[in-house]
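Encoded as structure tokens, the structure appears first; notes follow it.
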Amino acid sequence: MACADPPVEPLRSRRAELAGLFILSTEHHALREIVIDRPRMRIGRRPYNDILLDDLTVSGDHALLYATGSQAIIHDLNSRNGTLINGLPVSKKVLADGDLIEIGVYRLRYACSQGGRERVRPDPTRVRRLGLARAWVEVVAGPGIGTVVVLDRPVVAINNQMGQIATIAWRGERYGLTHLEGPTVPVVNGIPVGLALHALAHHDLIELGSTIFRFVLEDLA
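Numbering (numbering that gives the first Met the number 0), first residue to last: 0 to 220.
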């Protein structure tokens with residue numbers, strides 16, 4: 000199933016919204032977001048690829064991604080180790096929201112455009128009264144994918160539904176993440192944050208176990 004077309008938005012964001020994005024990760028850590036911002040993107044180990052995956056488990060020219068309007072299609076290029084989508088080998092497939100692509104040791108979680116963003120924005124009157132910046136986090140991988148938590152209070156808890164809990168707090172100028180409960184500390188952009196308050200930036204990826212959240216700061220979105 001292809002992504003639904005998003006509502007009309009300013010030109011600064013429309014192109015990136017149409018085709019969606021990937022959350023790139025390995026088995027243990029989220030690495031970065033990759034916006035699908037062109038109609039044809041190469042995936043592979045060689046340095047000229049648009050999505051460079053530098054590991055010997057990835058072929059030099061591994062796959063091609065075609066984006067047409069709100070639809071994204073992936074083609075395997077007869078790669079040595081193949082391309083898996085949701086655990087099954089494919090040669091060509093139209094991507095659906097939430098599909099997990101496995102290429103060698105890497106994983107690419109596909110997310111459709113954020114056309115629903117308007118519905119989850121914090122109430123501006125409440126946020127202004129509390130002196131907060133307007134922001135939210137959304138689950139982009141793991142249990143509860145698609146869930147949005149609006150940051151409309153000075154301190155908001157997030158969890159991975161398995162006992163791992165962190166808080167996101169407004170500290171007058173920016174939001175910060177703090178470990179609260181669970182056997183391991185949160186990971187932000189692939190780096191464990193420890194027990195101290197960790198400042199968050201727009202589009203940071205927060206890992207709580209197998210659940211990955213994306214932090215969105217509206218003023219920069």
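Here a beta-carbon is modelled for each residue, glycine too, at the ideal position from N, C-alpha and C.
Open item on the list: Do residue 174 and residue 165 have their beta-carbon atoms positioned less than 8 angstroms apart in this structure?
Closed with: Here the question's residue 165 lines up with position 166 in the sequence shown. Here the question's residue 174 lines up with position 175 in the sequence shown. No, the pair does not count as a contact, with Cβ atoms beyond the cut-off.
Task: Same chain, Cβ closer than 6 angstroms to residue 154, neighbours up to 5 away in sequence not counted - done: Walking along the sequence shown from the start, residue 154 turns up at place 155. Excluding residues within five positions, the ones whose Cβ falls inside 6 angstroms are 166, 168.
- [ ] Measure from the alpha carbon of residue 179 to the alpha carbon of each residue in 209, 65, 163, 172, then state which is nearest.
- [x] Residue 179 sits at position 180 when you count from the first residue of the sequence shown. The shortest C-alpha separation from residue 179 is found at 163.
Open item on the list: Can you tell me which residues form a DSSP beta bridge with residue 40?
Closed with: Numbered from its first residue, the sequence shown carries residue 40 at position 41. Residue 40 is bridged to 64.
Open item on the list: Check for me: the beta strand (DSSP E) holding residue 70 runs from which residue to which?
Closed with: The count along the sequence shown starts at 1 and reaches residue 70 at position 71. That run of the beta strand (DSSP E) goes 70 to 75.
Task: Delimiting residues of the beta strand (DSSP E) encompassing residue 211 - done: Against the sequence shown, residue 211 aligns to sequence position 212. 210 to 216 is the span of the beta strand (DSSP E), which, as asked, contains residue 211.
- [ ] Give a yes or no on whether the C-beta atoms belonging to residue 48 and residue 39 are separated by under 8 angstroms.
- [x] Counted from its first residue, the sequence shown places residue 48 at position 49. Counted from its first residue, the sequence shown places residue 39 at position 40. The criterion of a C-beta distance shorter than 8 angstroms is not satisfied by residue 48 and residue 39.
Task: Alpha-carbon spacing of residue 114 relative to residue 44, whole angstroms - done: Position 115 of the sequence shown, counted from the first residue, corresponds to residue 114. Position 45 of the sequence shown, counted from the first residue, corresponds to residue 44. Caution applies to residue 114, whose pLDDT of 44 falls short of 50 and renders its modelled position unreliable; the model cannot decide the point.
Task: Cross-strand partners of residue 175 (DSSP beta bridge) - done: Numbered from its first residue, the sequence shown carries residue 175 at position 176. Bridge partners of residue 175 according to DSSP: 168, 198.
Task: Burial state of residue 117 (16 or more Cβ within 10 Å) - done: Position 118 of the sequence shown, counted from the start, is the residue given in the question as residue 117. For residue 117, the pLDDT reaches just 42, beneath the cut-off of 50, and the residue's location in the model is therefore unreliable, leaving the point undetermined.
Open item on the list: Considering only DSSP beta bridges, list what residue 34 is partnered with.
Closed with: The sequence position of residue 34 within the sequence shown is 35, counting from 1. Per DSSP, 20.
Open item on the list: Starting from residue 108, trace the beta strand (DSSP E) in both directions and tell me its first and last residue.
Closed with: Here residue 108 is taken as the residue at index 109 of the sequence shown, counted from 1. Here the beta strand (DSSP E) through residue 108 covers 105 to 110.
- [ ] Could you pull the start and end residues of the beta strand (DSSP E) that residue 102 belongs to?
- [x] Locating residue 102 in the sequence shown gives position 103, where the first residue counts as 1. Unbroken beta strand (DSSP E) run through residue 102: 99 to 102.
Task: Through-space distance from residue 61 to residue 20, alpha-carbon basis - done: Mapped onto the sequence shown, residue 20 falls at position 21. Mapped onto the sequence shown, residue 61 falls at position 62. Taking the straight line joining both Cα atoms gives about 18 angstroms.
Task: Alpha-carbon spacing of residue 215 relative to residue 50, whole angstroms - done: Here residue 215 corresponds to residue number 216 of the sequence shown, with the count starting at 1. Here residue 50 corresponds to residue number 51 of the sequence shown, with the count starting at 1. Using only the alpha carbons, I get a separation of about 23 angstroms.
Open item on the list: If you reduce the DSSP assignment to three classes, tell me which class residue 149 lands in.
Closed with: As a working note, residue 149 is residue 150 in the sequence shown. Residue 149 falls in the strand class under three-state DSSP.
Task: Collapsed DSSP secondary structure at residue 136 in the structure displayed - done: The residue labelled residue 136 in the question sits at position 137 within the sequence shown. Looking at residue 136 - three-state DSSP - the assignment turns out to be strand.
Task: Opening and closing residue of the beta strand (DSSP E) in which residue 155 lies - done: Numbered from its first residue, the sequence shown carries residue 155 at position 156. That run of the beta strand (DSSP E) goes 154 to 158.
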